[in-house]
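**Student:** Below is the structure I would like to discuss, written out as structure tokens.
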Amino acid sequence: MSDLFLVTATGEDKPGTLNRLADITHSHQGKWLSSRVVNLDGQVACIFKVQVPQKNTQALQQALLAVDDLHLSINGCKPAHLSQSESLSLVIDAEDRPGLINDITRLLVGHGVNVNKLECHRMSVPEAGGSVFTAELDLMVPDSENTAGIIAEIEGLQSQMVVNQVH
């Protein structure tokens, strides 16, 4: 039998950080089933799903938590289950304003949409006297929802918002 759990690690990005976590996992006969790593302004955030023999779970978790230069948390998880939903990838471009991400995510929650990825950037455009907002989203939309309708609602959040579906 094996256990599954999620590890979240954040801290200063240094060469070898991920290898150290992978080495600890491997030395306890564990493996990463999936992972995401993000580097932002010299900081790294990593989340990975671990499968490990039950007899090694406690020792592996203790070894990971003993890494002193990272902030780590460990949470139990269940095997992934297939849901009745479809994947939708969007790119949003708009004039920036406060509350834009809040409005977009509230709209998505209202349709039961799960956000798998949200990457956004704000860029100053002095010629236009403001800044622009761009976002890439990977979503899981329930089969019962109309994706074209959701896209139209996002576009309706403000004038000059452009939402493109990525195939």
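First residue of the sequence shown? That's 1 in full-length UniProt numbering, and the numbers climb one at a time after it. Just so you know, even glycine gets a beta-carbon here, dropped at the ideal spot from N, CA and C. These numbers were taken from a predicted model, which means no experiment stands behind them.
1. Should the segment 46 to 56 be regarded as contacting the segment 20 to 35, the criterion being three or more beta carbon pairs within less than 8 Å?
2. Would you list the residues sitting across from K49 in a DSSP beta bridge?
3. Report the start-end ranges of each alpha helix (DSSP H) in the UniProt domain "ACT" (89 to 167) that is 4 residues or longer and not cut off at the edges.
4. Is Q43 helix, strand or coil by DSSP?
5. Kindly confirm or deny that the segment 6 to 13 and the segment 66 to 81 touch, where touching means at least three C-beta pairs closer than 8 Å.
6. If we call anything under 8 Å between Cβ atoms a contact, is C46 one with L65?
7. Thinking C-beta only, is M123 closer than 8 Å to S131?
8. Please report how far the alpha carbon of Q158 lies from the alpha carbon of V91, in whole angstroms.
**Tutor:** By the coordinates alone:
1. Between the segment 46 to 56 and the segment 20 to 35, the count of Cβ pairs shorter than 8 Å is three or higher; the stretches touch.
2. As a first step, residue 49 must be located in the sequence shown, where it is residue number 49. DSSP, once it has assigned bridges, lists L6 and S34 as partnering K49.
3. Counting only runs of 4 or more, we get 100 to 110 and 147 to 155.
4. To locate residue 43, count along the sequence shown from 1; it is residue 43. Under the three-state reduction of DSSP, Q43 is assigned to strand.
5. Yes: the two stretches touch, three or more of their Cβ pairs being nearer than 8 Å.
6. For the purposes of this step, residue 46 is taken as the residue at position 46 of the sequence shown. For the purposes of this step, residue 65 is taken as the residue at position 65 of the sequence shown. Result no, Cβ atoms of C46 and L65 do not sit closer than 8 Å.
7. By one-based count along the sequence shown, residue 131 stands at place 131. By one-based count along the sequence shown, residue 123 stands at place 123. Going by C-beta atoms, S131 is nearer than 8 Å to M123.
8. Along the sequence shown, one-based indexing puts residue 158 at 158. Along the sequence shown, one-based indexing puts residue 91 at 91. When rounded, the distance between both Cα atoms is 15 Å.
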